[in-house]
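Chemist: Please read through the structure below; I'll follow up with questions.
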Amino acid sequence: MEEEHYCMNCKCELRKPYIVCKAEVCHSMTICVHCFSKGVIFGVHQNDHPYTVCRTDFPLFEQTWTAEEETTLLDIMSDCGYGNWSDVAHRLRTKSQSECQNHYNKYFIDKPHEDLPHFKEAERTVYPQPIVYKLCDDPPRYPENNDLSGYMAGRGDFTIEYDNFMELEIKHLDFDEEDEDSKMQLGVLDVYYDCMKERWKRKKIVRDYGLINIPKVQVASRRYSYTIKDLIDKLRVFITLVSPDEYCKYIEAIHYERELKHDIKKLQSRRENGMTSMQQSKMYHILNSRRNVVKSKRHLMVDLLSHLKDETSCQTWLQRQAVLDNMSKGGLVVLPNAPRKTAPPLDISSLPGYEKLGETEQEICANIRLVPEAYIEFRDSLINECKKNGCLKLGQARSLIKIDVNKTRKLYDFLLTNGMINKE
526 MEEEHYCMNC KCELRKPYIV CKAEVCHSMT ICVHCFSKGV IFGVHQNDHP YTVCRTDFPL
586 FEQTWTAEEE TTLLDIMSDC GYGNWSDVAH RLRTKSQSEC QNHYNKYFID KPHEDLPHFK
646 EAERTVYPQP IVYKLCDDPP RYPENNDLSG YMAGRGDFTI EYDNFMELEI KHLDFDEEDE
706 DSKMQLGVLD VYYDCMKERW KRKKIVRDYG LINIPKVQVA SRRYSYTIKD LIDKLRVFIT
766 LVSPDEYCKY IEAIHYEREL KHDIKKLQSR RENGMTSMQQ SKMYHILNSR RNVVKSKRHL
826 MVDLLSHLKD ETSCQTWLQR QAVLDNMSKG GLVVLPNAPR KTAPPLDISS LPGYEKLGET
886 EQEICANIRL VPEAYIEFRD SLINECKKNG CLKLGQARSL IKIDVNKTRK LYDFLLTNGM
946 INKE
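For the sequence shown, our numbering puts the final residue at 949, and the numbers step up evenly by one.
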């Protein structure tokens with residue numbers, strides 16, 4: 526950064542332009558414009574000494590860039606670094622990002638001015654060699670089984686780390702000798718250190734227990750799927766209590782124990798069935814499979830006898846068996862649809878309007894499962910329509926009453942039989 530200059534007379538901070546005395550006795554003494562215009566005399570300085578004006582409002586490399594902007598750009602670059610053009614332009618304020626980048630690359634890197642200091646080139650000790658590429662028909666691809674979800678094996682890092690945003694808590698920490706919150710900031714660093722230890726612990730577990738070896742994990746999952754898969758899921762939380770070798774030995778021992786128990790149960794079952802050799806065991810399995818086939822066929826007659834008492838169930842069972850035979854033989858068998866089961870009469874004795882009906886009307890309402898009030902409404906509607914037109918057809922009755930067509934027909938026939946309506 527540029528050093529700050531002060532007026533040797535009034536001690537105020539200098540802003541360009543300002544005066545520099547060139548007399549030998551003054552040793553480049555700096556004077557502000559205000560004091561210089563008054564012709565002040567102080568110390569060894571006289572108002573007739575030679576002087577120069579220090580100013581930076583003139584162009585240096587380009588007409589659009591002043592010397593002040595050039596020096597400010599270099600100071601900002603030393604703070605922000607090369608490439609951080611957004612911050613450079615923000616601090617410079619008078620130029621955009623692209624203007625700062627193009628100007629710096631052109632006059633300080635690509636074509637530096639001859640008056641600028643030159644850096645000594647380092648002696649080359651390593652000479653580049655051409656890279657030989659081998660032609661291959663296969664396109665480039667990642668090695669197989671090299672990508673574990675959430676873990677980058679090549680770097681040994683997780684894509685999303687444990688407590689992934691912990692760094693945000695410490696990026697604004699600034700230690701000062703006079704800061705009263707230093708203990709609190711140290712506490713935040715302790716928490717961050719504990720987070721780093723937990724991350725390291727998790728990565729170590731992934732490496733030590735072979736969790737990044739996907740084929741090994743898949744083989745183990747298939748190997749133990751029929752014996753101790755449920756037990757492995759419960760023991761996984763205790764995996765860090767023992768070493769990897771001890772854990773593998775323990776799991777393998779439990780797997781072997783389950784296999785032995787399973788084999789013992791099979792041998793006990795064979796012994797209970799009178800078998801004493803493996804040859805007898807093979808014959809037993811053959812005969813047992815035949816017995817199960819014959820037993821399943823016997824169940825067909827039992828199912829038929831159980832459905833004979835119910836006509837609907839019997840018809841459904843016969844239809845199902847015919848479909849199965851049709852699928853096996855390739856023929857077409859069509860059976861009549863099973864009759865619908867008649868619903869039982871509705872108990873309307875406790876419903877409103879029951880006492881307004883006659884015995885025959887009560888019977889018809891119960892049989893067609895129609896509540897008394899709805900029956901009275903439908904009856905009156907049909908009688909009024911019949912009186913209006915002189916007759917009433919079944920189609921007209923169905924258009925007036927929006928209920929089941931079968932119930933409408935029974936109600937129409939009942940009213941017609943009792944002389945309440947006429948169709949001609």
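Where is the CB? At the ideal position from N, CA and C, for every residue including glycine.
(1) Taking contact to mean at least 3 C-beta pairs separated by less than 8 angstroms, is the stretch 736 to 755 in contact with the stretch 705 to 725?
(2) Let me know if Phe567 comes out buried or exposed under the rule of 16 or more other beta-carbons within 10 Å of its beta-carbon.
(3) By the 10 Å Cβ neighbour count, where 16 or more other Cβ atoms means buried, how is Pro897 classified, buried or exposed?
(4) Determine whether the beta carbon atoms of Arg806 and Arg795 lie at a separation below 7 angstroms.
(5) Does the stretch 532 to 541 come close enough to the stretch 557 to 576 that 3 or more CB-CB pairs lie under 8 angstroms?
(6) Under 8 angstroms: do the stretch 565 to 583 and the stretch 618 to 634 share three or more Cβ pairs, one atom per stretch?
(7) Quick check on the burial criterion: 16 or more other C-beta atoms within 10 angstroms. Buried or exposed for Met554?
(8) Taking Pro877 as the reference, give the member of Ala614, Pro655, Glu902 and Asn609 with the closest Cα.
(9) Looking at C-alpha atoms only, which residue of Asp719, Glu593, Ile776 and Cys625 is the closest neighbour of Lys759?
(10) Tell me whether Cys625 is buried or exposed, calling it buried when 16 or more other Cβ atoms sit within 10 Å of its Cβ.
(11) For the alpha helix (DSSP H) holding Cys911, just list the boundary residues, first then last.
(12) Using 8 angstroms as the threshold, is the stretch 747 to 767 in touch with the stretch 711 to 720, meaning 3 or more CB pairs across them?
(13) By Cβ distance, which residues of its chain are closer than 6 angstroms to Cys720, with the 5 residues on each side in sequence left out?
(14) Name the one or two DSSP bridge partners that Met677 has.
(15) Could you tell me which whole alpha helix (DSSP H) segments of length 4 or greater appear in the stretch 734 to 763?
(16) Would you decide whether Ile730 is buried or exposed? Buried here means 16 or more other CB atoms lie within 10 Å of its CB.
(17) Give every residue of the same chain whose Cβ lies closer than 6 angstroms to the Cβ of Cys911, excluding the five residues on either side of it in the sequence, and list them in chain order.
(18) In this structure, does DSSP put Glu538 in helix, strand or coil?
(19) Confirm, please, whether the CB-CB distance from Ala891 to Pro870 is below 7 angstroms.
(20) Across which residues does DSSP place His570 in a beta bridge pair?
(21) Tell me the DSSP bridge mates of Cys579?
(22) With DSSP run on the structure shown, which of helix, strand or coil describes Glu669?
(23) For Thr684, which residues in the same chain have their Cβ closer than 8 angstroms to its Cβ, ignoring the five residues on either side in sequence?
Modeler: A quick look at the data gives this:
(1) no
(2) Here residue 567 refers to the residue found at position 42 when the sequence shown is read from its first residue. Around the beta carbon of Phe567, fewer than 16 other beta carbons lie within 10 angstroms, which makes this residue exposed.
(3) Position 372 of the sequence shown holds residue 897. Pro897 comes out buried.
(4) Taking the sequence shown and counting its residues from 1, one reaches residue 806 at position 281. Taking the sequence shown and counting its residues from 1, one reaches residue 795 at position 270. Note that residue 806 corresponds to Ser in the displayed sequence, not to Arg. Cβ distance < 7 angstroms, so Ser806 and Arg795 count as in contact.
(5) yes
(6) no
(7) By 1-based counting over the sequence shown, the position of residue 554 is 29. Under this definition Met554 is a buried residue.
(8) Working through the sequence shown from its first residue, we reach residue 877 at position 352. It is Glu902.
(9) In the sequence shown, counting from the first residue as 1, residue 759 sits at position 234. When only C-alpha atoms are compared, the closest one is Ile776.
(10) For this step, residue 625 is matched to residue 100 along the sequence shown. Under this definition Cys625 is a buried residue.
(11) For the purposes of this step, residue 911 is taken as the residue at position 386 of the sequence shown. Note, Cys911: alpha helix (DSSP H), Pro897 to Asn914.
(12) Touching, no, given that fewer than three Cβ pairs across the two stretches are closer than 8 angstroms.
(13) What you label residue 720 is simply residue 195 of the sequence shown in a count that begins at 1. Asp688 and Met691, listed in sequence order.
(14) Translated into positions along the sequence shown, residue 677 becomes position 152. For Met677, the beta-bridge partners assigned by DSSP are Asp682.
(15) 739 to 748 and 754 to 760
(16) Taking the first residue of the sequence shown as 1, we reach residue 730 at position 205. Ile730 is exposed by the Cβ-count criterion.
(17) For the purposes of this step, residue 911 is taken as the residue at position 386 of the sequence shown. For Cys911, where only same-chain residues beyond five positions count, the Cβ hits under 6 angstroms are Leu917 and Ile946.
(18) In the sequence shown, counting from the first residue as 1, residue 538 sits at position 13. Glu538: strand per DSSP, three-state reduction.
(19) To locate residue 870, count along the sequence shown from 1; it is residue 345. To locate residue 891, count along the sequence shown from 1; it is residue 366. Cβ distance < 7 angstroms, so Pro870 and Ala891 count as in contact.
(20) What you label residue 570 is simply residue 45 of the sequence shown in a count that begins at 1. His570 is bridged to Phe567.
(21) On the sequence shown, position 54 is the one that residue 579 refers to. DSSP output for Cys579 lists Tyr543 as bridge partner(s).
(22) As a first step, residue 669 is located in the sequence shown; it is residue number 144 there, counting from the start. With a pLDDT of only 49 at Glu669, under 50, the local geometry of the prediction cannot be trusted, and the value read off the model is given with reservation. In the three-state scheme derived from DSSP, where H, G and I count as helix and E and B as strand, Glu669 is classed as coil.
(23) Counted from its first residue, the sequence shown places residue 684 at position 159. Gly675, Tyr676 and Met677.
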